[in-house]
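Trainee: Here our numbering is used: the first residue of the sequence shown is 29, the next is one more, and so on.
For glycine and all other residues, C-beta sits at the position ideal for the given N, C-alpha and C.
Everything numeric in this text was worked out from a predicted model, so none of it was measured.
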Amino acid sequence: MNRFLRTFLFSLVCLSLFAIGGITAYFKIFDAEPSITQDPDLSDKDPFERAILESKRVNGILLGVNQGMTDTIMFCSLDTENKKIDVISIPRDTYYHREGYNGAADRKINAIYSSQGVEELIDGVQDIIGEKVPIHHYGIIDYKGVERIVDLVGGVEVDVPINMEYDDPRDKPPLKIRISKGRQKLNGKKAMEFLRFRENNDGTGYLDGDLGRVKAQQQFMTAFFKKAIGLKLPSIIKTGFKYIETDVSLSDGLSYGSKVIGIDSEDINATTLPGLAEYRTYGRTELSYVIHDPEETEKLIKQLYGVGEVDETNDINKE
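#1: Among the candidates P197, P189, S316, whose CA atom is the shortest distance from the CA of S208?
#2: Measure the CB-CB distance between R78 and T108 and report whether it falls below 8 Å.
#3: Mapping DSSP to helix, strand and coil, what is P62?
#4: Can you round the beta-carbon distance between Y166 and G92 to whole angstroms, since I take them to be within the 8 Å contact cut?
#5: Over the uninterrupted alpha helix (DSSP H) stretch that includes R241, give me the two end residues.
#6: If R120 sits next to I137, beta carbons under 8 Å apart, how far is it from one beta carbon to the other, in whole angstroms?
#7: Tell me whether D67 sits in a helix, a strand or coil according to DSSP, three-state version.
#8: What are the partner residues of E227, as DSSP defines its beta bridges?
#9: Start and end of the beta strand (DSSP E) containing V318?
#10: Just grab the DSSP bridge partners of E159 for me.
#11: For V242, I'd like the list of residues in its chain whose CB is within less than 6 Å of its CB, leaving aside the five on either flank, ordered along the chain.
#12: Determine the direct distance from the alpha carbon of R176 to that of V161, and round the result to whole angstroms.
#13: Run the CB neighbour count on H125, radius 10 Å, all protein chains shown included, and call it buried at 16 or more, exposed below.
#14: Specify the secondary structure class of G336 as computed by DSSP and reduced to three states.
#15: Evaluate the contact criterion for the stretch 220 to 230 versus the stretch 199 to 207: three or more CB pairs, one atom per stretch, below 8 Å.
#16: Are the CB atoms of E314 and G158 within a distance shorter than 8 Å?
#17: Of all the beta strand (DSSP E) runs that stay within the bounds of the stretch 115 to 146, which reach a length of 3 or more residues?
#18: Identify the residues that DSSP records as bridge partners of E185: which are they?
#19: Taking the beta strand (DSSP E) that R176 belongs to, which residues open and close that run?
#20: Can you grab the Cα-Cα spacing for the pair D179 / F76, in whole Å?
#21: CB-CB under 8 Å to K255, same chain, minus the five flanking residues each way: which ones, in chain order?
#22: What is the rounded straight-line gap between the Cα of I329 and the Cα of D155?
#23: When DSSP labels each residue in this structure, what does R206 get in the three-state scheme?
#24: With respect to the alpha helix (DSSP H) encompassing I190, which residues constitute its N-terminal and C-terminal limits?
#25: Any idea which residues DSSP pairs E153 with across the strands?
#26: Please report the straight-line C-alpha distance between P322 and G210, rounded to a whole angstrom.
#27: In whole angstroms, what is the alpha-carbon distance linking G303 and K213?
#28: May I ask which residues mark the beginning and end of the beta strand (DSSP E) holding L106?
#29: Considering only DSSP beta bridges, list what N297 is partnered with.
#30: Under the three-state reduction of DSSP, which class applies to R78: helix, strand or coil?
Right under this line is the structure:
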């Protein structure tokens, strides 16, 4: 794997440590180079396929695993020519039906990993974002160091959209979330609570369900990056390495991480997979799903590759 690709992947690992809650996992990188096809004649290809074949983008999937299921799924794409990063969060409740898996809970994309593994999950993601779009790498990320790393940067300021009060005595250690609504700086402990929150004890929560949680995670990730991109990045990498299993050495990680400083926070675009929340019943079980919009998803992916009109409505960095 060349140096720039490792820079990309490691920087995303650093960022994504804080976008994923309640995780026990590991991190793995494929050693294979991105298989960018060199086609001598692209004249018979449609504009989208031609853009993909000619592109120098590097794509990866970042996963956070909680109790055997993917708590967070992010499609990350680096434009190596313009040094820009695009992140598309795929809600864990996204509807995805697999043959032979007909239960209500089985019809969510986050159920694939526990029953079929990461490669099948990648196939599922490609079914959703488009089979033509290559996924070169994946990462499964350890989250145990989040409190220390957030404290290392002096906390992260976010706008908490609702009052958060939730208890899970079964978690190890027991989870207790208490955060008031409003703009505030979160220390490491409160950041953990904020990222793990899904709903209150009384069943209330984000107005748009899992989509609201994804937006909150994206807000935190962007705010963290703005703080971490400065002089503290080497310290963050040193701390983060304790909680990441990777083929990148600490010395290389520090070298690669220094290059991330050249990427401005405005060059990171975080969006959510287009779709709407909807309740569906299978058997006797009714669950909430996110039903993705194939047409809007295709438009979003084409925008990444410079095909079609640019729509900034999902870009959380835009006012």
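Mentor: Short version:
#1: Checked all of P197, P189, S316; the closest Cα to S208 is P189.
#2: With contacts defined by Cβ atoms closer than 8 Å, R78 and T108 do not form a contacting pair.
#3: Bear in mind that the predicted position of P62 carries a pLDDT of just 47, short of 50, making it too unreliable to give a figure here.
#4: Rounded, the Cβ-Cβ distance is 12 Å, inconsistent with contact.
#5: Looking at the DSSP string, the run of the alpha helix (DSSP H) that includes R241 is 238 to 256.
#6: That belief holds up - the Cβ atoms of R120 and I137 are roughly 7 Å apart, short of 8 Å.
#7: In this prediction, D67 scores a pLDDT of 48, lower than 50, which makes its location untrustworthy; the coordinate-derived value is nonetheless stated afterwards. Annotated three-state conformation of D67 is coil, per DSSP.
#8: BP columns for E227 point to G233.
#9: In this chain, the beta strand (DSSP E) harbouring V318 covers 313 to 320.
#10: DSSP output for E159 lists no bridge partner at all.
#11: Leaving aside the five residues that flank V242 on each side, the residues in its chain whose CB is nearer than 6 Å to its CB run, in chain order, S117, P119, T300.
#12: Whole-angstrom Cα-Cα distance: 36 Å.
#13: H125 counts as exposed, since fewer than 16 other beta carbons sit within 10 angstroms of its beta carbon.
#14: In the three-state scheme derived from DSSP, where H, G and I count as helix and E and B as strand, G336 is classed as coil.
#15: Here the stretch 220 to 230 makes contact with the stretch 199 to 207; the two share three or more CB pairs at distances below 8 Å.
#16: No. Outside cutoff.
#17: Restricting attention to beta strand (DSSP E) runs no shorter than 3 residues, the stretch 115 to 146 encloses none.
#18: In the DSSP assignment, E185 forms a beta bridge with K213.
#19: It is not in any beta strand (DSSP E) - R176 instead sits in the alpha helix (DSSP H) that spans 174 to 180.
#20: If you take the alpha carbons of D179 and F76, they lie about 44 Å apart.
#21: Excluding sequence positions up to five before and after K255, its CB lies within less than 8 Å of the CB of V181, G182, V184, all in the same chain and listed in chain order.
#22: Approximately 13 Å between the Cα atoms of the pair.
#23: DSSP places R206 in strand when its eight states are reduced to three.
#24: Looking at the DSSP string, I190 is not in any alpha helix (DSSP H), and its letter there is neither H nor E.
#25: It is Val, not Glu, that sits at residue 153 in the sequence shown. According to DSSP, which records beta bridges pairwise, V153 is partnered with nothing at all.
#26: Approximately 35 Å, taken between the alpha carbons.
#27: Taking the straight line from one Cα to the other gives about 31 Å.
#28: Bounds of the beta strand (DSSP E) holding L106 are 97 to 107.
#29: Looking at the DSSP output, N297 sits in a beta bridge with D114.
#30: Here R78 sits in helix by DSSP.
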